[in-house]
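Engineer: Following this message is one structure expressed as structure tokens.
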Ligand code: PEP
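In this note's numbering, the protein residues as written are 437 to 701.
So this is what it looks like as structure tokens:
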């Protein structure tokens with residue numbers, strides 16, 4: 437059974453003090469689970485202080501982004517090389533990077549290579565916009581995003597890879613009363629497309645090893661519905677992850693599900 441993965445993307449929220457308080461509270465509440473990995477992706481600024489505070493038996497850290505060159509005159513950037521040993525994972529190709537900051541498919545591919553070169557596991561985000569969905573282009577968009585991102589990697593490189601299906605139209609927009617929920621059937625269809633694309637590139641075994649997550653307005657009350665989708669190995673939460681009760685509620689949903697399936701503590 438692949439380990440379940442619950443990722444909290446704190447985006448550009450929480451200053452150093454707020455981040456430390458939230459981590460402290462989560463560490464009190466969340467236990468050590470043998471078959472669930474809980475990952476926190478705070479802002480670049482707080483990665484270092486949180487790494488000192490972090491209980492490594494309970495949590496792992498992820499960067500939300502990094503630059504693909506290892507070193508050089510690139511004002512304002514932080515490289516994957518600088519993040520070595522600080523983070524276990526890095527989110528790459530998040531839709532906000534693609535659509536707000538204009539990150540292109542080739543840039544995403546370079547970041548994937550840079551992460552792997554520096555021993556950091558990529559959490560690649562893929563997903564269609566509303567316009568692409570309405571035009572019936574979801575499969576093509578997922579195909580293009582997955583295949584270009586993996587272009588520079590070997591079969592061995594992708595063994596630990598994580599891919600998060602995050603339809604852009606389902607991400608929360610900051611309004612806490614406005615949640616657009618993807619149907620579990622649509623998540624199941626996207627999961628199949630993603631694994632099919634990996635199978636075509638690297639074979640069935642590689643496709644089975646990759647962990648596929650769902651992300652988009654996930655809250656504790658809908659978490660289980662997505663966790664029950666066959667082939668879905670966890671969740672990526674954004675807005676809900678900066679709320680102590682919501683994020684721990686999502687982890688609880690994963691815990692409950694695994695216990696029902698017979699996993700041991
Ligand atoms: C995200 O942006 O990665 C995300 C999952 O956001 P939200 O849960 O807020 O929709």
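Glycine included, every Cβ here is placed at the ideal spot set by N, Cα and C.
1. For residue 653 and residue 620, I'd like the C-alpha separation in whole angstroms.
2. How is residue 679 classed by DSSP in three states: helix, strand or coil?
3. Report all residues from its chain with a CB closer than 7 angstroms to the CB of residue 487; omit the five preceding and five following residues, and keep chain order.
4. Would the C-beta of residue 501 count as close to ligand 1, meaning under 8 angstroms from any of its heavy atoms?
5. Examine ligand 1 and report whether any of its heavy atoms sits within less than 8 angstroms of the Cβ of residue 481.
6. On the DSSP bridge assignment, give the partners of residue 670 in chain order.
7. If you pair each beta-carbon of the stretch 528–537 with each one of the stretch 566–578, do three or more pairs fall below 8 angstroms?
8. Helix, strand or coil for residue 582, going by three-state DSSP, please let me know.
9. Could you check which residue in 609, 623, 518 has the C-alpha nearest to that of residue 575?
10. Smallest Cα separation from residue 578: which of 609, 642, 634?
11. For the stretch 548–559 against the stretch 624–632, do three or more pairs of beta-carbon atoms, one drawn from each stretch, fall closer than 8 angstroms, so that the two count as touching?
12. Is it right to say residue 683 is buried, meaning 16 or more other beta carbons lie within 10 angstroms of its own, or is it exposed?
Structural biologist: Let me spell this out:
1. Along the chain shown, one-based indexing puts residue 653 at 217. Along the chain shown, one-based indexing puts residue 620 at 184. Distance between the alpha carbons of residue 653 and residue 620: 13 angstroms.
2. Within the chain shown, the letter at position 243 stands for residue 679. Coil.
3. Position 51 of the chain shown, counted from the first residue, corresponds to residue 487. Same-chain partners within the cutoff: 497, 522.
4. Taking the first residue of the chain shown as position 1, residue 501 is located at position 65. Outside the cutoff, so no.
5. The count along the chain shown starts at 1 and reaches residue 481 at position 45. No, since every heavy atom of ligand 1 falls outside the 8 angstroms radius drawn around the Cβ of residue 481.
6. Numbered from its first residue, the chain shown carries residue 670 at position 234. In the DSSP output, where bridge partners are listed per residue, residue 670 has 441.
7. no
8. On the chain shown, position 146 is the one that residue 582 refers to. The answer is helix: DSSP assigns residue 582 an H, G or I state.
9. As a first step, residue 575 must be located in the chain shown, where it is residue number 139. Nearest C-alpha to residue 575: 623.
10. Indexing the chain shown from 1 puts residue 578 at position 142. Comparing Cα positions, the closest option is 634.
11. no
12. Indexing the chain shown from 1 puts residue 683 at position 247. That one is buried.
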